[in-house]
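J.: The listed protein sequences correspond, in order, to chains A and B. Our numbering numbers the first residue of the first sequence as 1 and each following residue consecutively. Our numbering numbers the first residue of the second sequence as 1001 and each following residue consecutively.
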Amino acid sequence: MEILMAITVGVLFMVGTYLLLSKSLLKVVISLMLLSHGAHLLLLTMAGLQTGAPPLLSLEAASYTDPLPQALILTAIVISFGVTSFLLVLAYRTYKEHKTDDLDQLRGSADE
Amino acid sequence: MCVFTALHWATISPLLLAIIIPFIYKYVRQIHTGWFVLILPVILFIYFIQFLPTVSNGDIISNSVPWVPSLGIHFNVYVDGLSLLFALLITGIGSLVVLYSIFYLSKIKEQLHKFYVYLLLFMGAMLGVVLSDNLIVLYTFWELTSLASALLISYWYTRKKSRDGAQKSMLITVFGGFSMLAGIIMLSIITDTFSIREMIAQADIIASSELFIPAMLFILLGAFTKSAQFPFHIWLPDAMEAPTPVSAYLHSATMVKAGIYLVARFTPIFGGAAEWFWIISTFGIVTLLWGSLSAVRQKDLKGILAFSTISQLGLIMTLLGLGSATLYFTDGQNVEIYLAAIVTAVFHLINHATFKGSLFMSAGIIDHETGTRDIRKLGGLMTIMPITFTMSLIGLAAMAGLPPFNGFLSKEMFFTSVLHATEFGIFNMETFGMLFPVIAWIASIFTFLYCAVMFFQTFTGKFEPSNFKKVVHEAPAGLLISPLVLASLVVIFGFFPNILSKSIIEPAVVSIAPMLADSAYLDVDIYMWHGFNTELMMTIGVVVLGTILFLLMNKWVKLSIYKKERDPFNRVYDGLLAGVSTGGRKLTDSYMKDNFRQYLIYIYSFIVLFLGYMMIHLDVIALFPEVYAPIAFHEVTLVVIMIAGAITVAVAKTRLTSLAALGSLGFAIAIFFVLFRAPDLALTQLVIETVSTLLFLLCFYHLPLFKETIDSKSSQIVNGIVATGIGVLVTVLAISAHNNRYFDSLVDFFVDASYEQAGGNNMVNVILVDFRGFDTLFEIAVLGIAAIGIYAMIKGSIKEEEL
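(1) Would you tell me roughly how many angstroms separate the C-alpha atoms of residue 110 (chain A) and residue 91 (chain A), rounded to the nearest one?
(2) Here's the rule: buried if 16 or more other CB atoms are within 10 angstroms of the residue's CB, otherwise exposed. What is residue 1726 (chain B)?
(3) Specify whether the region 1300–1312 of chain B and the region 1383–1396 of chain B touch according to this definition: at least 3 beta carbon pairs, one from each stretch, less than 8 Å apart.
(4) Tell me which residues share the same chain as residue 1209 (chain B) and place their Cβ nearer than 6 Å to its Cβ, disregarding the 5 neighbours each side in the sequence.
(5) Do the CB positions of residue 1354 (chain B) and residue 1400 (chain B) come within less than 9 Å of each other?
(6) Determine the chain A residues that contact residue 1720 (chain B) at a beta-carbon separation under 8 Å, and present them in chain order.
(7) Note down, in chain order, every chain A residue with its Cβ under 8 Å from the Cβ of residue 1738 (chain B).
(8) What would DSSP say about residue 1156 (chain B), mapped onto helix, strand or coil?
(9) So which of B:1583, B:1382, B:1318 has the shortest CA-CA distance to residue 1461 (chain B)?
(10) Could you check whether the region 1430–1442 of chain B touches the region 1334–1352 of chain B, counting it as contact only if at least three pairs of C-beta atoms, one from each stretch, sit closer than 8 Å?
(11) Can the beta-carbon of residue 1700 (chain B) be found less than 9 Å from the beta-carbon of residue 1772 (chain B)?
(12) Among A:96, A:99, A:79, whose alpha-carbon lies nearest the alpha-carbon of residue 1783 (chain B)?
(13) Using C-beta distances below 8 Å, list every residue in its chain close to residue 1638 (chain B), excluding the 5 sequence neighbours before and after it, in chain order.
(14) Whole angstroms are fine: how far does the CA of residue 1068 (chain B) sit from the CA of residue 1484 (chain B)?
(15) Using 9 Å as the limit for Cβ to Cβ distance, is residue 32 (chain A) near chain B?
(16) Are there three or more Cβ pairs, one per stretch, closer than 8 Å when the region 1110–1118 of chain B is compared with the region 1026–1034 of chain B?
(17) Could you check what DSSP says for residue 67 (chain A) in three-state terms: helix, strand or coil?
(18) Is residue 1613 (chain B) close to chain A, meaning its C-beta is less than 9 Å from at least one C-beta of that chain?
(19) Helix, strand or coil, according to DSSP, for residue 56 (chain A) in the structure here?
(20) Is the beta carbon of residue 1358 (chain B) sitting closer than 9 Å to the one on residue 1394 (chain B)?
(21) With 9 Å set as the bound, which would you pick, yes or no: does the beta-carbon of residue 1633 (chain B) sit closer than that to a beta-carbon of chain A?
(22) The beta strand (DSSP E) with residue 1063 (chain B) in it runs from where to where?
(23) At a Cβ threshold of 9 Å, is residue 1646 (chain B) touching chain A?
(24) Hey, could you find the ends of the alpha helix (DSSP H) residue 1350 (chain B) is sitting in?
(25) Check the Cβ of residue 1091 (chain B) against every Cβ in chain A and list those closer than 8 Å, keeping chain order.
(26) Taking 9 Å as the CB-CB cut-off, is residue 1666 (chain B) touching chain A?
(27) So, residue 65 (chain A) versus residue 1781 (chain B), is the Cβ gap smaller than 9 Å?
(28) Runs of 4 residues minimum, wholly inside the region 1267–1304 of chain B: which ones carry the alpha helix (DSSP H) assignment?
(29) Output needed in chain order: residues of the region 88–106 of chain A with a Cβ under 8 Å from some Cβ in chain B.
(30) Using DSSP with H/G/I as helix, E/B as strand and the rest coil, what is residue 1132 (chain B)?
(31) Residues of chain A with CB closer than 7 Å to the CB of residue 1643 (chain B), please, in chain order.
(32) For residue 1467 (chain B), list the residues DSSP reports as bridge partners.
(33) Using a Cβ cut-off of 9 Å (strictly closer), state whether residue 1585 (chain B) contacts chain A.
(34) By the 10 Å Cβ neighbour count, where 16 or more other Cβ atoms means buried, how is residue 103 (chain A) classified, buried or exposed?
(35) Could you round the C-beta distance between residue 1256 (chain B) and residue 1317 (chain B) to whole angstroms and report it? I think they count as a contact, below 8 Å.
(36) So if DSSP puts residue 1073 (chain B) in a beta bridge, which residue, or which two residues, is it bridged to?
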């Protein structure tokens, strides 16, 4: 299963990188969401996908899944959400000010 | 131990006075600031004179104050013959130059405080160089001399030529200084000390080290750049933009001799090696020849003097090179002939300081009184400026090597040394040794020639009042004192050279060749008359050929080479300087294109290539089938949905499709979290995915549509390649770096501790708020900052005019 997940993560990174390199500001924001999805899945995969009980002690199971990566991913999800929303509004403001979302047209404007 | 002795105070006293000078300048405007400065070098000169009896007895005065003791850096002052000789030159000529500058620089027009601060800075730095025993301290003062020199050259900073000259001297001397530092560090690596005396004690260890040659080359580079040796001499003529007192002091008598000092100081360490011998004598003799040839082409009095300084420095350097052979033989065979070279070097060093100082000052007087230094405009000044004429005549005759002045003596001794060079019989001297006397002789002819040109063009011929802006007359007495003192020294040393020999030349020679301290050969005795020998014939030849060349000048002034005033090596320097700046700009422009995507491509390509190379190089790509979880059918379906979703996001034609695909991808990930037993993650992912999608939808109303043609085909291909590289790399990395190989996870700890220590059953939540609560605290901070930022971006809009 890990191999399959590694391939999925690879596809997410590939698509994310491809969009990050595009000229459209909106696609750059979307790409960051894809990249963070990829990173979260990678974290989970790296911890090992062996089956065990969910990390709840009340289940009184023999073995549990590792809770630490889950805590890390939870933190990462919230942070990437904060950053994505900020970037989205930033893109919105940029478009309002400059009437374009083409990154090539945005560079070297007189505002610098 | 930590007490400064009088010697320490003497060394840094110029620096201390430099602090006070601006206040004196500000509050005592009626009196020329120079008078206050003058007191110090005079006191110092008298103070250093006191050491003469001690030093000529062969004693050494040394005092140490720790500076950075943990690094072995101590402020050691050390007075032996060589240091004392230089200290006397620095303070003696320093006093005369300050006196001269009082009359040379106007109290009203010039910013005197700056001038004297820089000059004192220089004087202190120079004393520090010659009196330090610790090489790091020496280096500190060495760079301070470069700095002070650049400040003094650009004293009239509103002129472009001054600034260019200062930049050039700074670049070249600091380049040399840095390489010298490298040499010093190499020596300290070998010997584990920064003290010169301790290094001399370990000279045989240094000689057998593999760093011997590199250390020697780096230190010589420092010495050659400072002492304007070929081909680093080009800064010196341009430094003539400085006020004349500065040229007289720095660029003839003291700073340019710092390199000579360094070579002499290091001779006990490196001397005796063939490389040292050949490099120094070859560069010296080439500098001697080149300087004398170039001086003839100059039309500016100070230009001629600058090249003649270069040439004379080359002469001293040659002698030091030849003299270093002394250290090859410790058992005295032929030692007196090598030793003669060192004696001559020291003697000529003193002579050059006296006559060159007086010549510069005379040139300054001529400039001051006529308003020009161009020899084509000058002429017939003999009767108008009789005292300047007399002083210049003495100085020029000494420089040309005519009797009965001191230059004649050192020139004769120089010829003796180069003639003996052929008899050395070591370091392959028998093959190329013959070149030394020949080149020396030719250089002397040209020395005679430019002296003659300078003399006859300035003082004889017809006086043309129309050439000058002011009424020309003899200089005021104050200006004449200093050059008169120096010119009289030229005559005194010419007639009575032996007053110098026992008192200062002998101790200095002992410093350069320490093992001869008790030797019978060391009996310096200089005579005016040696009988009719080869040297005298050579001098007569110089005079005859020089006169013939001078008389035929009308014939060869028309040659194009004669008209080129600027040294051809300046083109190399200018080319390098321009090349570095335009080359640097071109290089930066070639990749810094203000293009965000291009930079991303650089970063990603580097990651792919470097990480990929390292993974292949370290052979870490591997599979670990034993730890993999089994694959279930529904998981495969989910993976297919995710991949399809991701690809749809990328290729979608409309933004709504793209958004829908992004949402489905997010929800698929939430289901994955369910499958892999992460209930909290699944909850959060679902909520956040929903909120993000809503946020996108809200913003979409205001955001532009996707455009079809926004990316060109070629950039799409490049982006595709880079993106594929990243994807493959991440996949391979994820498979190869799979965990469970080296150590177990922390799961057992959390199972044991979550309830017992933290009182919670949900391990993930206990980690978030208890075990790793700080993560959560700052994650909350991140959300808060993002919220404030978003609010500020929407509500606040600061227009440019409001800023």
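By construction, the Cβ of each residue, glycine as well, lies at the ideal position given by its N, Cα and C atoms.
T.: According to the data block:
(1) Residue placement at residue 110 (chain A) is poorly supported in this model, since its pLDDT is 47, which falls under 50; the coordinates still yield a value, given next. If I take the Cα positions, the gap works out to 18 Å.
(2) buried
(3) Fewer than three beta-carbon pairs drawn from the region 1300–1312 of chain B and the region 1383–1396 of chain B are found closer than 8 Å, and the two stretches are therefore not classed as touching.
(4) 1190
(5) no
(6) 18
(7) Those within 8 Å of residue 1738 (chain B) in chain A are 2, 46, 48.
(8) coil
(9) B:1382
(10) With the cut-off at 8 Å, the region 1430–1442 of chain B and the region 1334–1352 of chain B do not touch.
(11) no
(12) A:79
(13) Short of 8 Å from the beta carbon of residue 1638 (chain B), and not among the five residues preceding or following it, lie these beta carbons of its own chain, in chain order: 1668, 1671, 1672, 1675.
(14) Pairing residue 1484 (chain B) with residue 1068 (chain B), the inter-Cα distance amounts to about 45 Å.
(15) no
(16) yes
(17) helix
(18) With its beta carbon at least 9 Å from every one in chain A, residue 1613 (chain B) lies outside the interface.
(19) Three-state DSSP puts residue 56 (chain A) in a strand.
(20) yes
(21) no
(22) Here the beta strand (DSSP E) through residue 1063 (chain B) covers 1061–1068.
(23) The beta carbon of residue 1646 (chain B) falls within 9 Å of a beta carbon belonging to chain A, placing the residue at that interface.
(24) 1335–1370
(25) Within 8 Å Cβ-Cβ: nothing; residue 1091 (chain B) doesn't reach chain A, min ~57 Å.
(26) Yes, residue 1666 (chain B) lies at the interface with chain A (some Cβ there is under 9 Å from its Cβ).
(27) no
(28) 1274–1297, all fully within the region 1267–1304 of chain B.
(29) 88, 89, 90, 91, 92, 93, 95, 96, 100, 101, 102, 103, 104
(30) Correct three-state label for residue 1132 (chain B): strand.
(31) 8, 11
(32) Bridge partners of residue 1467 (chain B): none, in fact.
(33) Not one beta carbon of chain A lies nearer than 9 Å to the beta carbon of residue 1585 (chain B).
(34) Burial call: buried.
(35) Actually they are not in contact, since the Cβ atoms of residue 1256 (chain B) and residue 1317 (chain B) sit about 11 Å apart, beyond 8 Å.
(36) B:1068
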